[in-house]
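Working notes, beginning with the structure itself.
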Amino acid sequence: MSSAPSKTPATPSVFDPTCSSRHALELVASKWAMLIISALEGGPMRNAALMRKLGDVSQKMLTQTLKELERNGLVIREDKGTVPPHVEYRLSDVGLSLSATLVVLDRWAETHFAELDAARERYDAGRAIETYAN
Numbered sequence: 001m002s003s004a005p006s007k008t009p010a011t012p013s014v015f016d017p018t019c020s021s022r023h024a025l026e027l028v029a030s031k032w033a034m035l036i037i038s039a040l041e042g043g044p045m046r047n048a049a050l051m052r053k054l055g056d057v058s059q060k061m062l063t064q065t066l067k068e069l070e071r072n073g074l075v076i077r078e079d080k081g082t083v084p085p086h087v088e089y090r091l092s093d094v095g096l097s098l099s100a101t102l103v104v105l106d107r108w109a110e111t112h113f114a115e116l117d118a119a120r121e122r123y124d125a126g127r128a129i130e131t132y133a134n
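Residue numbers (UniProt numbering): 1 to 134.
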């Protein structure tokens with residue numbers, strides 16, 4: 001499947017809808033892409049190992065996301081050419097550069113999830129009272 005070539009603005013900006021950087025941001029901002037890239041940061045993994053590490057990803061979603069990451073040069077798929085098939089996925093150099101940034105985001109989420117949970121509960125409780133009062 002091919003798409004029309006994208007225009008590259010003079011100054012790249014994710015706020016410019018014609019800039020391909022927006023596509024890059026959209027790609028890496030997906031939950032599964034972020035988790036796959038973080039999982040592969042430790043080295044090559046097979047499909048089944050990725051599924052176990054991610055926990056609740058479906059085979060279909062894992063396959064689709066791996067293909068999209070491979071298509072965009074973030075992941076390298078290596079078929080060992082054996083019977084039974086042995087395929088491993090690893091990060092490309094650009095994928096490794098991204099994983100360093102995502103590890104920081106992962107640690108932030110692990111550190112602050114309780115604050116986010118509490119804020120969501122306060123907000124929802126306030127909305128429930130507001131709805132009940134109206």
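In this text, a Cβ means the ideal position worked out from N, Cα and C, and glycines have one as well.
Keep in mind that this is a model prediction, so the values were computed, not measured.
{"query": "Residue of E70, T18, Q59 minimising C-alpha distance to R90", "result": "E70"}
{"query": "DSSP three-state assignment for L66, whether helix, strand or coil", "result": "helix"}
{"query": "D93 to L50 span [Cα, whole Å]", "result": "19 Å"}
{"query": "For E88, the residue or residues it bridges with in DSSP", "result": "R46, E78"}
{"query": "Inter-residue spacing [alpha-carbon to alpha-carbon] between G81 and E88", "result": "11 Å"}
{"query": "Spatial distance of S38 from T131 (CA atoms)", "result": "41 Å"}
{"query": "Residue span of the alpha helix (DSSP H) that contains V94, given as start and end", "result": "93 to 133"}
{"query": "V57 and L35 closer than 9 Å at C-beta", "result": "yes"}
{"query": "Proximity to L96 [Cα-Cα], best of A109, A114, E78, P44", "result": "P44"}
{"query": "Simplified DSSP state of A10, which is helix, strand or coil", "result": "coil"}
{"query": "Buried or exposed (CB count within 10 angstroms, at least 16 for buried), L116", "result": "exposed"}
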